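> There's a structure below that I have some questions on.
Quick look at the structure:
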């Protein structure tokens, strides 16, 4: 499924002014929106500012940090993304019957 967040917005976030990586950027946005849907338990909604910001931060991070090994201690999700999304998560306490 193509990403709902515009590539142009991600390119602005990254200060990119070329089209060389558009396919990769589209892929990163799509993956970020899917990750957000899995994290929150609900599908990504286009036009929600907090969800869009989380998608931009996550896609930007994955675009800039493409290597799995580094001398820098990196997490799988950048600081702040979970903070943006936590209010969207369905809170479950106690036993949940399957």
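In our numbering, the protein residues as written are 8 to 105.
In this text, a Cβ means the ideal position worked out from N, Cα and C, and glycines have one as well.
Note that this is a predicted model, so its numbers are computed, not measured.
Alpha carbon to alpha carbon, how far is residue 33 from residue 25?
Roughly 14 Å between the two C-alpha positions.
> Residue 24: beta carbon under 7 Å from a heavy atom of the ligand GDP?
Ligands displayed in this structure: none; no statement on the ligand GDP is therefore possible.
> My parser needs the alpha helix (DSSP H) runs of 4 or more residues fully inside the segment 51-76; what are they?
The qualifying runs are 56-71.
> Can you give me the C-alpha to C-alpha distance between residue 89 and residue 19, rounded to a whole angstrom?
For residue 89 and residue 19, the distance between alpha carbons rounds to 22 Å.
> Taking residue 12 as the reference, which of 91, 70 and 55 has the closest Cα?
The shortest Cα separation from residue 12 among 91, 70 and 55 belongs to 55.
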